[in-house]
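Each remark here refers to the structure printed beneath this line.
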Amino acid sequence: MLLSCKGVAVARRLQPFTAQVGQGELIHLLGPNGAGKSSLLAALSGMIKSEGEICFLGKPLAAWSGYALARHRAYLAQQQMAAGSMPVWHYLKMHQINDESEEALLTLCETFQLLDKLSCAPGQLSGGEWQRVRLAAVLCQMAQPEGALLLLDEPLTGLDLAQQAAFDRCLAAWVAKGLTVVMSGHDVNHSLHHAQRVWLMKEGVLLQQGTAREVLQPERLSAVYDVPFTKISANGRELLTTFN
2 MLLSCKGVAV ARRLQPFTAQ VGQGELIHLL GPNGAGKSSL LAALSGMIKS EGEICFLGKP
62 LAAWSGYALA RHRAYLAQQQ MAAGSMPVWH YLKMHQINDE SEEALLTLCE TFQLLDKLSC
122 APGQLSGGEW QRVRLAAVLC QMAQPEGALL LLDEPLTGLD LAQQAAFDRC LAAWVAKGLT
182 VVMSGHDVNH SLHHAQRVWL MKEGVLLQQG TAREVLQPER LSAVYDVPFT KISANGRELL
242 TTFN
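Mind the numbering: the sequence shown is residues 2 to 245 in the numbering used here, read in order.
Written as structure tokens, this is what we have:
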């Protein structure tokens, strides 16, 4: 088991949470604002203190050194200020763990259409461009044999539809190679079509975990979001929609 959680809790933000995560899984965290998604991801990353037990690669999370942990997992916080006047290329190189990952870094820059931004300072970028830089950085961090776990807090924020599609293709390829991804978001249809498993949360409580099809049922979503949901079919694809 890659990651196991038992009774993980954060005071006033996350009620005791228990789950297990295997290698090569793509898990989506869903729930309204204040559900505890960001707190859970920060706890799993080791960035905030939590109660309970988190075991990563067979060892308690607290026993990992910062450097060793950085070689095995990467974490994208929901928000991060642009990194001063450092050129984008230098910022990305800071996330390169070994020389072998430079080819992967260049490929990521091409995937996220950053090749013409590498000499820019982050402060010169739009919000969506900076988000793409941050995504390329954490993926580069995992682009080496020890890279195992990617924790992403609302990674689609600021991305246009074409960039979201590029992100989904890129992430699917990495997961197929064995990388495990746990990410939060707000688009239930995106999760329905891309997630292998879903953790559904509300007010700091894990309400249900299972496959996307099992969890993302209209009745359950209506109760969680306090908005009526229904499921429709369009061009052979199921879609979840709200109605009044």
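The beta-carbon is built from N, C-alpha and C at its ideal position, and this holds for glycine as well. Note that the coordinates shown come from a computational prediction; the quantities given were computed from them, not determined experimentally.
The beta carbon of residue 160 sits closer than 8 Å to the beta carbons of 129, 132, 133, 168 from its chain, once the five residues preceding and following it are set aside; these are given in chain order. Distance from the Cα of residue 179 is smallest, within the candidate group 156, 12, 8, 22, for 22.
At the C-beta level, residue 26 and residue 198 come within 9 Å of one another. Distances from the CA of residue 144 to each of 116, 100, 36 were compared; the closest alpha carbon is that of 100. Judged by DSSP secondary structure, residue 142 falls within the alpha helix (DSSP H) whose first and last residues are 128-142. In this structure, residue 98 keeps its C-beta atom at 9 Å or more from the C-beta atom of residue 138. Remark: C-beta atoms of residue 6 and residue 56 approach each other more closely than 9 Å. Beta-bridge partners assigned by DSSP to residue 243: 230. Here residue 181 is buried, its C-beta having at least 16 other C-beta atoms within 10 Å. The three-state secondary structure of residue 170, taken from DSSP, is helix. Between the stretch 38-51 and the stretch 222-238, the count of C-beta pairs closer than 8 Å stays below three; the two stretches do not touch. Around the beta carbon of residue 39, a 10 Å sphere encloses 16 or more other beta carbons of the protein chains shown; the residue is thus reported as buried. For residue 179, there is no enclosing alpha helix (DSSP H), as DSSP marks it with neither H nor E.
The residue from 171, 154, 29 with its alpha-carbon nearest to that of residue 141 is 171.
Pairing residue 227 with residue 185 gives a Cβ-Cβ distance that is not under 9 Å. For residue 108, the uninterrupted alpha helix (DSSP H) run begins and ends at 103-112, by DSSP. Exposure of residue 86 is indicated by the presence of fewer than 16 other C-beta atoms within 10 angstroms of its C-beta.
When secondary structure is reduced to three states using DSSP, residue 35 falls in the coil class, being assigned neither helix nor strand.
In its chain, beyond the 5 residues on either side, 137, 140, 141 have a beta carbon closer than 7 Å to the beta carbon of residue 109. Residue range 198-203 is occupied by the beta strand (DSSP E) that includes residue 200.
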